[in-house]
Structures are given as C-alpha cells and as structure tokens.
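Participant: Numbering (our numbering), first residue to last: 1 to 270. We treat Cβ as the ideally placed atom computed from N, Cα and C, and that holds for glycine. Note that the structure is predicted; figures quoted are calculated from it, not measured.
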C-alpha cells in the first residue's frame, strides 16, 4: 500500500545491485511513494547489467560513480541536479565491501591494503558523498540521508571481520556530518542498523546461514526483511521524521535489546 509519503521528492539511491539488494527494494518503495530517483553504482556493478531492469521499472536514469573518486561524485551530483533541475531531498547510502571477507582472511591477519580499500568504499565514501553534496548545494533544506549499518559496529561478530570497523566509522561520520549539515541546512543524517539480510554482500560472510537463524531466534519479532527495511527508510526520507538526526536506528525485530530468548535457551539445552 502506498501513502504518497514522498510525493514530489527527488533522491539518489546508491548501491542497488540486484533484486536481493536492500537498495533495490528502497528504490522501488520510494517510487511507489511518489518519488523520482536517480540510481548510482560503481562501474563494475553497472557492467553486470541487472540495474537496467530497475531503472526501467522506476523510470530512473543511471549515473555511475566510483564513490572513492571525488571527480565521479562531482559528476554524479552535477548531472543529478541538471536532471531534476535542482537539488535532491534524500540519499540512500547502501555501500559496503570487504576484500578480507571475500578472501576468507582472518581478522587478526588482515591484509591492510585490502582493509584500506574496504574502509574507503564502505565508510569514507559516506563522508565523500556528503562533502561533495554540501559543496555543490545538492541536498535541499530538510533533506534526509540514510546509510545502512549493522550491529557489529557495537558488538563482536567474529566473522564479520573488518566490516565491523567500517560500520563503526560509518556511524561516526553520520553523527559528525549530521551536526554539520544540520546546522548548515537542516539536513538530517541517520544510519539504519538492519537485521542480517540475505543480500549478495551479507551472504558472503562466513557462517551466515547459521547466524541468520540464530538472529531469528533472538529477535522477539523475528528478523526484519529487506522489504520492511525499505519501508523504514522511506519513513526516514519523509517529512514525518524531520527532527530525527544523528541516530543509529536499530531495525532488527528487537535483537539489539534482547539478552536471551526462550527459543535460544531451548536450543542450547538440546
């Protein structure tokens, strides 16, 4: 059901890769709620071709950008402003990558060149996006920026590896830039800490299937789906949440505040 929450709003969605992606679901929901969007992803992702399907469905242009490259981001925001004849009202940052995780390198043995690359893509990219947008005055007053995070930023999940460090820094950038952009133009910036979700990136973490089942048992409401996360992101883009900023918002069925559940105890006693 649509509520026209984003009627007349315009936005950029970073990171949609395929139909499993949370960003893909957010793009669909934003358009259903009345928004116009621009889709962006890295050149390597664009070559996979799946984003064309979403672009056609959402009647949205695709503007590629390497988020570690300042010139690419300037080009993205400049072309987006030209397309919309003005600034945007919301931005979704759904970007994350760890070479150490992909190659199965243990956290204590991290290859630091890989660490730096993952840090640049997964966390520092949010700073680059926001700094570029601010310089180009690309986000309208009372705009909203949402970046996707995970509870490993606060708690230890051993196989999440250096992505945990990346998410912690991502959340710090959201707080600090949330202050700066809030003072300058009333732009709000938040992170959403989502349940473990069967995306392409999430499925690459060692032991993911076991953990998603554990999280399901540890969450009073169960794991939040990608579609439900999209609903939540849309609410944060809307004018209904204009005074929410600099927050890390848990969207995890209660996992983050549950010590133990009867289901988990029963499983341990078997």
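Report the three-state DSSP secondary structure of residue 248 (helix, strand or coil).
Facilitator: Walking along the chain shown from the start, residue 248 turns up at place 248. Here residue 248 sits in strand by DSSP.
Participant: Let me check understanding here. Comparing Cα to Cα, which of 208, 220, 2, 197 lies closest to residue 32?
Facilitator: For this step, residue 32 is matched to residue 32 along the chain shown. Among 208, 220, 2, 197, the Cα nearest to that of residue 32 is on 2.
Participant: Can you tell me whether residue 234 is helix, strand or coil according to DSSP?
Facilitator: Residue numbering aside, residue 234 sits at position 234 when the chain shown is read from its first letter. The answer is helix: DSSP assigns residue 234 an H, G or I state.
Participant: Here's the rule I'm using: 16 or more other beta-carbon atoms within 10 Å means buried, otherwise exposed. How should residue 267 be labelled?
Facilitator: Against the chain shown, residue 267 aligns to sequence position 267. By the neighbour-count rule (16 or more Cβ atoms within 10 Å), residue 267 is not buried but exposed.
Participant: With H, G and I counted as helix, E and B as strand and the rest as coil, what does DSSP make of residue 9?
Facilitator: Within the chain shown, the letter at position 9 stands for residue 9. Three-state DSSP puts residue 9 in coil, outside helix and strand.
Participant: Near residue 245, which residues of its chain fall below 7 Å by C-beta distance, leaving aside the five closest residues on each side in sequence?
Facilitator: On the chain shown, position 245 is the one that residue 245 refers to. The answer, listed in chain order, is 178, 182, 188, 189, 190.
Participant: Rounded to the nearest angstrom, what separates residue 34 and residue 109 at their Cα positions?
Facilitator: Here residue 34 refers to the residue found at position 34 when the chain shown is read from its first residue. Here residue 109 refers to the residue found at position 109 when the chain shown is read from its first residue. Each residue's alpha carbon lies about 48 Å from the other.
Participant: Does DSSP put residue 166 in a helix, a strand or coil?
Facilitator: Here residue 166 corresponds to residue number 166 of the chain shown, with the count starting at 1. Three-state DSSP puts residue 166 in a helix.
Participant: I'd like to know whether the C-beta atoms of residue 78 and residue 136 end up nearer to each other than 8 Å.
Facilitator: Here residue 78 is taken as the residue at index 78 of the chain shown, counted from 1. Here residue 136 is taken as the residue at index 136 of the chain shown, counted from 1. Cβ atoms of residue 78 and residue 136: closer than 8 Å.
Participant: For residue 228, which option in 25, 17, 14 has the closest C-alpha, if you only look at C-alpha atoms?
Facilitator: Numbered from 1 along the chain shown, position 228 holds the residue referred to as residue 228. Residue 25 is the option with its Cα nearest to residue 228.
Participant: State yes or no: is the C-beta of residue 45 within less than 8 Å of the C-beta of residue 17?
Facilitator: As a first step, residue 45 must be located in the chain shown, where it is residue number 45. As a first step, residue 17 must be located in the chain shown, where it is residue number 17. In this structure, residue 17 lies closer than 8 Å to residue 45 by Cβ.
Participant: Please go through the same chain and pick out, in chain order, the residues whose beta-carbon is closer than 6 Å to the beta-carbon of residue 9, but skip the five residues on each side of it.
Facilitator: Looking up residue 9 in the chain shown gives position 9. Once the five neighbours on either side are set aside, the close Cβ partners of residue 9 are 35, 89.
Participant: For residue 41, I'd like the list of residues in its chain whose CB is within less than 8 Å of its CB, leaving aside the five on either flank, ordered along the chain.
Facilitator: The count along the chain shown starts at 1 and reaches residue 41 at position 41. Cβ within range, chain order: 14, 15, 16, 17, 51, 62, 64, 65.
Participant: Span of the alpha helix (DSSP H) holding residue 128?
Facilitator: For the purposes of this step, residue 128 is taken as the residue at position 128 of the chain shown. Looking at the DSSP string, the run of the alpha helix (DSSP H) that includes residue 128 is 125-135.
Participant: Do residue 12 and residue 27 have their C-beta atoms within less than 8 Å of each other?
Facilitator: On the chain shown, position 12 is the one that residue 12 refers to. On the chain shown, position 27 is the one that residue 27 refers to. No.
Participant: Going by DSSP in three states, residue 199 sits in which element: helix, strand or coil?
Facilitator: On the chain shown, position 199 is the one that residue 199 refers to. Here residue 199 sits in coil by DSSP.
Participant: Could you pull out every unbroken beta strand (DSSP E) segment of at least 3 residues lying fully inside the segment 3-48, listed in chain order?
Facilitator: Those beta strand (DSSP E) runs which fall completely within the segment 3-48 and span 3+ residues are 10-14, 36-40.
Participant: Exposed or buried, what is residue 221 when buried is set at 16 or more other beta-carbons lying within 10 Å of its beta-carbon?
Facilitator: Against the chain shown, residue 221 aligns to sequence position 221. So residue 221 counts as exposed.
Participant: What residue from 71, 265, 7, 116 has the CA that sits closest to residue 132's CA?
Facilitator: Taking the first residue of the chain shown as position 1, residue 132 is located at position 132. Selected option, being the one with the closest Cα: 71.
Participant: Can you look up residue 72 in the DSSP assignment and give me helix, strand or coil?
Facilitator: As a first step, residue 72 is located in the chain shown; it is residue number 72 there, counting from the start. If DSSP states are grouped into helix, strand and coil, residue 72 belongs with the helices.
Participant: By a C-beta neighbour count over all protein chains shown, 10 Å radius and 16 as the cutoff for buried, is residue 4 buried or exposed?
Facilitator: Within the chain shown, numbered from 1, the residue matching residue 4 stands at position 4. So residue 4 counts as exposed.
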